[in-house]
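**Q**
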Amino acid sequence: MTQDTIDRLIEWAEKYNDPLYFTEDPIAFPREFLRRGASLQDIEIAAVFSAHFAWGRRSMIVRDCGRLFDEMQWKPYDYVMAGDWRDDDSSIHRTIKWSETAGICARLKDFYSTHSSLEGLSASEMRVRVYGQKEDKKAPNKKINMMRRWMVRDDGKVDLGLWKNTDSNDLVIPLDVHVYAQATGLGLTKRKSKDITTAMEITDSFREIFPGDPAKGDFALFGYGVTNA
């Protein structure tokens with residue numbers, strides 16, 4: 002990677018690590034709960050669902066997250082712990098059904114019955130214990146790693162910085178097809194598989210550019226996507 006490319010990545014990360022670019026974005030929901038002074042559990046649950054809905058057009062994601070939190074009366078923790086969840090086969094967001102959100106609520110209720118925070122769960126554990134998916138050691142866990150970025154990074158800009166016992170250096174870039182295309186275009190990886198090994202390789206490249214804070218590279222890739230759209 003040339004110094005010119007590195008300089009551009011740093012420039013993009015600084016420019017796009019700004020709430021201005023994330024008003025119509027899934028992170029807006031956990032940020033809104035934080036603004037309201039909601040509990041850590043409320044914010045975590047908002048992040049769990051906002052990240053889960055994070056595919057498709059951003060306007061649709063925001064619309065459907067709003068529908069979900071309206072159903073919860075904007076009290077996610079109370080809704081989860083009450084156990085009376087909407088549970089039917091109609092769609093809440095694209096192929097995600099209300100029955101799927103009820104399943105996540107059930108697992109969250111079980112977890113919060115004995116724990117005060119999701120922070121101690123690894124991405125792999127969250128995949129199974131919260132989202133109810135099968136263990137997959139090769140999965141990049143894009144949505145979960147995005148949620149972890151929201152909750153851990155603490156520079157007072159876009160991310161929330163509420164999980165104080167997790168090191169930002171341990172975060173992994175959220176990898177999907179768009180991030181993969183951007184990363185390969187920049188020469189951050191030459192691997193063909195969009196798996197956790199590729200996500201780690203891209204993250205390692207960003208550790209050299211953003212020491213101690215590799216997930217800041219997510220904003221650089223966002224900037225690359227905007228600039229090269």
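Here the numbering used here = 1-based position in the sequence shown + 1. We treat Cβ as the ideally placed atom computed from N, Cα and C, and that holds for glycine. Predicted model only: the values in this text are computed from it and were never measured.
Assuming Arg128 and Ala216 form a contact by the criterion Cβ under 8 Å, report the distance between their Cβ atoms to the nearest whole angstrom.
**A** That belief does not hold up - the Cβ atoms of Arg128 and Ala216 are roughly 18 Å apart, past 8 Å.
**Q** Can you tell which of Ile97, Ile174, Phe211, Ile62 has the C-alpha that lies nearest to the C-alpha of Ala29?
**A** For the residues Ile97, Ile174, Phe211, Ile62, the minimum Cα distance to Ala29 belongs to Ile62.
**Q** Could you tell me how far apart the beta carbons of Val131 and Val49 are, in whole angstroms, since I believe they sit closer than 8 Å?
**A** Yes, Val131 and Val49 are in contact; Cβ-Cβ is about 6 Å, under 8 Å.
**Q** What does DSSP give as the partner residue(s) for His94 in the beta ladder?
**A** Note: His94 sits in a beta bridge opposite Ile97.
**Q** Residues in the same chain with beta-carbon distance under 6 Å from Ala14, minus the five sequence neighbours each way, listed in chain order, please.
**A** Here the set comprises Lys217, Phe220, Ala221.
**Q** Roughly how many whole angstroms lie between the Cα atoms of Ala55 and Asp160?
**A** Ala55 and Asp160: Cα-Cα distance of roughly 16 Å.
**Q** Can you tell me whether Lys143 is buried or exposed? The criterion is at least 16 other CB atoms within 10 Å of its CB, across all chains shown.
**A** The residue in question, Lys143, is buried, as its Cβ has 16 or more Cβ neighbours within 10 Å.
**Q** Return the residue from the list Glu126, Asp89, Asp79, Ile93 that minimises the CA-CA distance to Cys66.
**A** If we check each option's Cα against that of Cys66, Ile93 comes out closest.
**Q** Going by CA-CA distance only, name the one from Gln4, Asp168, His53 that's closest to Arg95.
**A** Answer by Cα proximity: His53.
**Q** Looking only at its chain, what residues have a beta carbon closer than 8 Å to the beta carbon of Ser118, apart from the 5 residues adjacent to it on each side?
**A** Here the set comprises Leu41, Gln42, Glu45, Trp164.
**Q** In this structure, does DSSP put Ala47 in helix, strand or coil?
**A** Three-state result, Ala47: helix.
**Q** Given this structure, state the Cα-to-Cα distance separating Arg150 from Ala124, to the nearest angstrom.
**A** Going by the C-alpha atoms only, they are around 11 Å apart.
**Q** Judging by CA-CA distance, which residue of Ile203, Trp86, Lys16 is the nearest neighbour of Asp177?
**A** When each option's Cα is compared against that of Asp177, the closest is Ile203.
**Q** Could you give the DSSP three-state label for Pro31: helix, strand or coil?
**A** In this structure, Pro31 counts as helix in the three-state DSSP scheme.
**Q** Run the CB neighbour count on Met148, radius 10 Å, all protein chains shown included, and call it buried at 16 or more, exposed below.
**A** Buried, because 16 or more other Cβ atoms sit within 10 Å of the Cβ of Met148.
**Q** Straight-line CA distance for Gly57 to Ser51?
**A** Taking the straight line joining both Cα atoms gives about 12 Å.
**Q** Span of the alpha helix (DSSP H) holding Ala200?
**A** Looking at the DSSP string, the run of the alpha helix (DSSP H) that includes Ala200 is 197-210.
**Q** Answer with buried or exposed for Ala200, where buried requires no fewer than 16 other C-beta atoms within 10 angstroms of its C-beta.
**A** It is buried - the Cβ of Ala200 has at least 16 other Cβ atoms within 10 Å.
**Q** Buried or exposed for Ile175, please, with buried defined as at least 16 other CB atoms from any protein chain shown within 10 angstroms of its CB.
**A** The sequence shown places Pro at residue 175, not Ile. Its Cβ being crowded by 16 or more others within 10 Å, Pro175 is buried.
**Q** Quick check on the burial criterion: 16 or more other C-beta atoms within 10 angstroms. Buried or exposed for Ala184?
**A** Per the 10 Å Cβ criterion, buried.
**Q** Does Met2 come within less than 9 Å of chain C when only Cβ atoms are used?
**A** Reference to chain C is not applicable here, since this structure consists of a single protein chain.
**Q** Could you pull out every residue in the same chain whose Cβ sits closer than 8 Å to the Cβ of Gly104, ignoring the five residues on either side in sequence?
**A** Counting only Cβ-Cβ distances below 8 Å, and skipping sequence neighbours, we find Gly133.
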